[in-house]
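**Student:** 461 is the number of the first residue of the sequence shown in my numbering; add one for each residue after it. Glycine included, each C-beta is placed from N, C-alpha and C at the ideal position.
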Amino acid sequence: MDGFIVIDKPVGLTSHDVVSRVRRILRQKKAGHTGTLDPFATGVLPVAVGEGTKAIPYLDESTKVYRATLILGAATDTQDHTGQVVHAGDWRHLGPQTVCDVVSSFTGKLSQLPPMFSALKRDGVPLYKLARTGREVEREPREIEVFSLVIDAVDLPLVTFTLSCSRGTYVRTLAHDMGERLGCGAHLTALRRLSSGLFNLDRAVSLERLKELAETGSLADVLMSPSDALGHLYALPLTAQGAERVRRGMAPCREDFEHGAGAGIPAGIRLRLLRDGIIVAVADSLAGLWSSDTKNLRLLRVFN
461 MDGFIVIDKP
471 VGLTSHDVVS
481 RVRRILRQKK
491 AGHTGTLDPF
501 ATGVLPVAVG
511 EGTKAIPYLD
521 ESTKVYRATL
531 ILGAATDTQD
541 HTGQVVHAGD
551 WRHLGPQTVC
561 DVVSSFTGKL
571 SQLPPMFSAL
581 KRDGVPLYKL
591 ARTGREVERE
601 PREIEVFSLV
611 IDAVDLPLVT
621 FTLSCSRGTY
631 VRTLAHDMGE
641 RLGCGAHLTA
651 LRRLSSGLFN
661 LDRAVSLERL
671 KELAETGSLA
681 DVLMSPSDAL
691 GHLYALPLTA
701 QGAERVRRGM
711 APCREDFEHG
721 AGAGIPAGIR
731 LRLLRDGIIV
741 AVADSLAGLW
751 SSDTKNLRLL
761 RVFN
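(1) I'd like the span of the beta strand (DSSP E) that includes K823, first residue to last.
(2) Enumerated in chain order, which unbroken segments of the beta strand (DSSP E) with a length of 3 residues or greater are wholly contained in the segment 565-642?
(3) At which residues does the alpha helix (DSSP H) containing V779 begin and terminate?
(4) May I ask you to report which of helix, strand or coil DSSP gives K514?
(5) Are the beta-carbon atoms belonging to L693 and L731 less than 8 Å from one another?
(6) My output table needs one value for L473: the three-state DSSP class, helix, strand or coil.
(7) Can you tell me which residues form a DSSP beta bridge with G492?
(8) When the distance is taken between beta carbons, is T513 closer than 8 Å to A770?
(9) Taking just the CA atoms, how far does T542 sit from T558?
(10) What are the boundary residues of the alpha helix (DSSP H) that Q707 is part of?
(11) Where D681 and G594 are concerned, what is the direct C-alpha to C-alpha distance, given to the nearest angstrom?
(12) Among residues of its own chain, excluding the 5 on either side of T633, which ones have a beta-carbon nearer than 8 Å to its beta-carbon?
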């Protein structure tokens, strides 16, 4: 079994917990998720199984969509409701329009300081482990981008909004920063990931449903192939002989492609090499194809 299954992660489980359960349900040794969701968060968690794990570094998950609810009046050390309150402030003088104006202003390119309670590492140690011991270390701000932000509901002190943002954005840090700008503190009470790249809730299944599908032999209904998951990459069809050469780790030449496919592709393009619609490798073009008789492709990852 090779490909991706989108799990609708429940509250309370870590992303690692979900992968362990998927591995057990599917009886797969190779499995991994494509991006961490906090334990308190729910929603889209793509899990790769088998050869799908090789495709993870080449996915296009540059855009993620979340629905979040923040509560005004308190900042916590984790920036969500699971943490300890580190600052409390009065929000009652704030009107709905003022709050909406501030929340809506968090769009475009922003500088964000990653939270201590995160999976980022310092000298090989996850920051959250340092945070649990009471340590705080210096972190470098990172540029993120919020492509859009729509306020769904305002029932002060609660504000619910949906945002589309770049990979690496901490939504709970956005909520924390919104609270700081309003002067009363804020933290997230709920977070649901609606999509991550092409993976969305329409394709998602619960762990319970996954178990049912596995027991009835219906997993094909929810399994996305590695080739489909990498559909943003330009596809080149290999001949049978070319596919065999590539699977042996040999960079292909013009004769290895059907009907001279790829002619004119410039340098610096990432490609899917396919045989009968099944991915054989991911490669980069090194020069215009086929500008010479030399091999113009560098293999990045070969699939079995």
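**Tutor:** This is what the structure holds:
(1) Since the first residue shown for the chain is 461 and the last is 764, residue 823 is missing from the structure and cannot be characterised.
(2) Complete beta strand (DSSP E) runs here, min 3: 568-572, 602-615, 618-626.
(3) The structure shown does not extend to residue 779, since the chain spans only 461 to 764, so no value can be given for it.
(4) Here DSSP, grouped into helix, strand and coil, assigns K514 to helix.
(5) Contact: yes.
(6) Residue state, collapsed to three classes: coil.
(7) Paired residue(s): A508.
(8) A question about residue 770 goes unanswered here, because the residues of the chain that appear run from 461 up to 764.
(9) The straight-line gap from Cα to Cα measures roughly 27 Å.
(10) Position check: residue 707 holds Arg in this sequence, whereas Gln was assumed. Per DSSP, R707 belongs to the alpha helix (DSSP H) from 700-707.
(11) Each residue's Cα considered, the two are about 46 Å apart.
(12) Hits under 8 Å: Q539, Q572, L573, P574, P575.
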